[in-house]
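Protein chains: 2
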Amino acid sequence: MSVKETTVAIVGGGLVGSVMACYLARRGYRVSLFERRPDPRISMIDGGRSINLALSNRGWKPLEELGLADEVEKLVIPMRGRMMHNEEGALTFQPYGREGEAINSVSRGGLNQLLLTKAESLGISLGFESTVADVDFEKGILLFADGSFFTADIILGADGAYSMLRYQMQRTERFNYSQYFIEYGYKELAIPADKEGKHRLEINALHIWPRGKFMLIALPNLDGSFTCTLFLPFEGDCSFEQLCSHEAITSFFREYFPDALEVMPELKEDFDDNPTSSLVTIRCFPWSRGKVLLIGDASHGIVPFYGQGMNSGFEDCRVLNELLEKHNDDWQKVMHAFQEQRKPDTEAIADLALANFREMRDLVADDDFLLRKKIEARLYELYPDKWIPLYSMVTFREDMRYSVAKRRGEIQQEIMDKVMKQEGFRENWESADFSWVINELAGRQ
Amino acid sequence: MSVKETTVAIVGGGLVGSVMACYLARRGYRVSLFERRPDPRISMIDGGRSINLALSNRGWKPLEELGLADEVEKLVIPMRGRMMHNEEGALTFQPYGREGEAINSVSRGGLNQLLLTKAESLGISLGFESTVADVDFEKGILLFADGSFFTADIILGADGAYSMLRYQMQRTERFNYSQYFIEYGYKELAIPADKEGKHRLEINALHIWPRGKFMLIALPNLDGSFTCTLFLPFEGDCSFEQLCSHEAITSFFREYFPDALEVMPELKEDFDDNPTSSLVTIRCFPWSRGKVLLIGDASHGIVPFYGQGMNSGFEDCRVLNELLEKHNDDWQKVMHAFQEQRKPDTEAIADLALANFREMRDLVADDDFLLRKKIEARLYELYPDKWIPLYSMVTFREDMRYSVAKRRGEIQQEIMDKVMKQEGFRENWESADFSWVINELAGRQ
């Protein structure tokens, strides 16, 4: 069957589903995209509230390949580093990478709308309010909640962490699956623009209020506001359970986030109106059954602490497209190769994302940790091709697989442990000779 | 609400469901038991083929508490040790425990029928061919596939590793869940009785043909036959995938299990007729939602290599009954206490069962391993209250929690590693002084 005669149904019209749809339409496939929710370009699904994400290199590359970089550029605000707020409101800035390197705050809704419009312009049929109820994996048939059917040669499940296609797959033979929730929930809150429509905090930064067992973060929006996210345990001391009155909320913010409280006039309303959501890691294998392949969060939902959920999903699309090219659109080969190649990489980013929560909420305010970061920055400056900090490998090196970044990060951490144990090092590190460090690193790779 | 006014619905009329039903009926509850399959006392659900299990101390204790020990005694065949068969058919016997200690081969079907009859005699209402389609956790309503409803104050999900109640629970908030399949499948085969109705192999043993990457086992039945189980990888060299013709099957058995082949006249027919089944480990938490509590395989399905699937399920029933007693039948308290207490124990046996597969298929034929077993038997003989081999703690010490047994086993293994490294020890162990071993063990507990 030629590409032009091949029908691909994509379940899920979110970010990953629409990017994959564009790739496939450009290859010549007949693509139909089905989305459970209404068209977000008509009805504002998130009630006007902006949820923003950090777009970094692994996400940019596919957008560039699809010719969307210029348009997306207009939607983003570069964030060049972390701006830490301590309990007195004092600020410390830690650059994410080197000069010119930044991650980009982008509205999920705005980006999704752009991608859907692009998909439509490529001739993709868009079906909104289409809820999948069941699937025949071998015959490639989708059954919808309204009783209608759709038959496709290939079905891609891009229907997110709570994927219906994966839920059905779970009942098939020998499907390995896990869903693990962390003890923390999150709630979105807002810092509105000031009276002149300007940002009330430094615009080109991701703001963090790290407090050990919990944290608040804020990402800038184009309209002058920031979207904040409070990450807090569900139960116990300092938990969502405890914040059950306006008084408790205000006094909690006054104690831990006094400078944020000053710029959050709608805190109490936001707290009441916005849900407390949970944070899950999804792992499964295989990703394909018959004519169906899972991509994005459907096969590897991760926690948001490395800012790689969307980026890893877009990378899935790029890799899948590369494999279609390599294997002449032979989907049997491609599905197999895709899951074999991507599984270790998505496992790596799932683990890194869980580990980074500790770093964000806790270690970024730790002196020892900050010194390590400075030394790593120095090493990176001195040996830019040899010592690349883990954060940079994950965020800025789209040519390096997640699994490789994770492994190199582990080796570098072991070496840094040795460095930090050297006598007198803390006092004299600025004049230290690091050549042995690089030799040791080279010997371990 | 008093116990007599409390309705308990049990979903699943297998071994665990019927034992729990008996406990609750004795406490005075109104118990209704629902089972998807027909009544096994009328229709033979396994087509007359016997599937047997190893009943050991943790399973006996609840049966004794229910006054069923004498009746069950008539159904079992004690197995006092492992009978290893090598590739030439030579036999080696390893006792499981000390004099008088044995595990017991019992037919799943026979035991289930006895338990259902006992349940019925206690006034429990039995509903067969009742397939649960959905559940309301908060209201305690079961919806059946035929459209009927049943409302209960408490619902127990004893519906096995592929539990429908757990499947529904998985869609509720913050439910941690995993299902992991090993790369091996299994197939049941038979060694029929000889012409005089006698057993063709030693009756009081669990027979093992360990072959490194795979194995065959056989358990005795009352009718003179043995039920064998072949554990083999699904794919690759020496796999079910490879055994695709009668020729391939016979030549595989001739090479690896020649003495078994001689007593398996129906091998080819069995191989064709019996399914190749998969082996899963189920972990989840919490085990309760609203009025529903999961027990047995539904909350902790394990692989069969420690012979503890049924035993751990029966232990669930005993513990749940103890907690009802302790908390005066306050189910809110009991459900909470049950999952907190049992979760670490069932995690421990899940891990031990996975680890024991390697021991059974591989190590039991290893000289070093056999020497360790001999030394451990000696230590057990010399210090019966201090050094108890892991297998004995799990199998014969129903008063010791699985989690404690696992931890003690790890400590003992570390000490045994030291013992085995001592110079000249292998030659002279029979005259060695082991007092330092016991001192070290005491120091670590």
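Here the protein sequences come in this chain order: A and B.
The first sequence stops at residue 462 when you use this note's numbering, and every number in between is there.
The second sequence stops at residue 462 when you use this note's numbering, and every number in between is there.
The beta-carbon is built from N, C-alpha and C at its ideal position, and this holds for glycine as well.
All values derive from a computational prediction rather than experimental measurement.
Rounded separation between residue i and residue j - CA only
i         : j         : result
B/Leu-458 : B/Ile-432 : 7 Å
B/Asp-153 : B/Ile-392 : 55 Å
A/Ile-141 : A/Gln-325 : 27 Å
B/Arg-414 : B/Met-232 : 27 Å
A/Pro-406 : A/Lys-91  : 29 Å
A/Thr-412 : A/Gly-253 : 34 Å
A/Leu-32  : A/Ala-365 : 22 Å
B/Ala-26  : A/His-344 : 55 Å
B/Ile-299 : B/Ala-367 : 8 Å
A/Ala-11  : A/Phe-270 : This structure cannot speak to residue 11 of chain A, because chain A is shown only from 18 to 462.
A/Phe-442 : A/Arg-378 : 27 Å
A/Arg-58  : A/Gln-130 : 6 Å
A/Met-222 : A/Tyr-197 : It is Ala, not Met, that sits at residue 222 of chain A in the sequence shown. Cα to Cα, A/Ala-222 sits roughly 31 Å from A/Tyr-197.
A/Glu-444 : A/Met-437 : 11 Å
A/Glu-272 : A/Asp-289 : 20 Å
A/Leu-340 : A/Glu-52  : 26 Å
A/Val-454 : A/Glu-116 : 24 Å
B/Met-417 : B/Arg-54  : 35 Å
A/Met-18  : A/Thr-168 : 15 Å
A/Phe-302 : A/Leu-108 : 44 Å
B/Asn-74  : B/Ser-409 : 10 Å
A/Leu-182 : A/Asn-291 : 28 Å
B/Ser-329 : A/Ser-147 : 45 Å
Under 9 Å from the C-beta of residue i: neighbouring residues of chain A
i         : result
B/Ser-195 : Asn-193, Tyr-194, Ser-195, Gln-196, Tyr-197, Arg-300
B/Glu-190 : Phe-198, Ser-295
Limits of the unbroken beta strand (DSSP E) element including residue i
i         : result
B/Asn-502 : This structure cannot settle anything about residue 502 of chain B, because the visible part of chain B is limited to 18 through 462.
B/Ala-207 : 193-208
B/Pro-275 : From DSSP, B/Pro-275 is part of no beta strand (DSSP E) but of the alpha helix (DSSP H) over 275-279.
A/Phe-413 : Careful: A/Phe-413 lies outside any beta strand (DSSP E), inside the alpha helix (DSSP H) at 407-413.
A/Arg-99  : 98-102
A/Asp-153 : 149-153
A/Ile-234 : 232-237
A/Gly-1   : Outside the shown range of chain A, which is 18 to 462, sits residue 1 of chain A, and nothing can be said about it.
B/Ala-71  : 69-72
B/Gln-111 : 108-112
A/Thr-168 : 166-168
B/Leu-249 : 243-250
Anticipated Cβ contact below 8 Å, residue i with residue j, distance rounded
i         : j         : result
B/Val-309 : B/Ile-172 : 5 Å
B/Leu-85  : B/Ile-199 : So it is not a contact: roughly 33 Å between Cβ atoms.
A/Val-320 : A/Leu-371 : 6 Å
B/Gly-174 : B/Leu-311 : 4 Å
A/Met-100 : A/Phe-110 : 5 Å
A/Lys-285 : A/Leu-369 : The pair is not a contact, with the Cβ atoms about 35 Å apart (cut-off 8 Å).
A/Met-186 : A/Arg-306 : 5 Å
B/Val-93  : B/Val-123 : 5 Å
A/Thr-244 : A/Ala-210 : Rounded, the Cβ-Cβ distance is 12 Å, inconsistent with contact.
A/Thr-246 : A/Tyr-203 : 5 Å
Host alpha helix (DSSP H) of residue i (start-end)
i         : result
B/Ser-316 : 314-317
A/Met-37  : 32-44
A/Asn-12  : Only positions 18 to 462 of chain A appear in the structure, and residue 12 of chain A is not among them; the question remains open.
B/Arg-47  : No alpha helix (DSSP H) holds B/Arg-47; the beta strand (DSSP E) holding it covers 47-51.
B/Val-20  : Note, B/Val-20: premise wrong, no alpha helix (DSSP H); not H, not E.
B/Thr-363 : 348-378
B/Val-297 : Where B/Val-297 is concerned, there is no enclosing alpha helix (DSSP H), although the beta strand (DSSP E) it sits in stretches over 294-302.
A/Val-336 : 326-343
B/Phe-386 : 384-399
Neighbouring residues, chain A, relative to residue i (Cβ below 8 Å)
i         : result
B/Glu-447 : Within 8 Å Cβ-Cβ: nothing; B/Glu-447 doesn't reach chain A, min ~45 Å.
Residue i at chain D interface by Cβ criterion, 8 Å
i         : result
A/Asp-289 : You won't find chain D in this structure, because its protein chains are A and B.
Proximal residues, the stretch 275-301 of chain B versus chain A, C-beta separation under 7 Å = Ser-295
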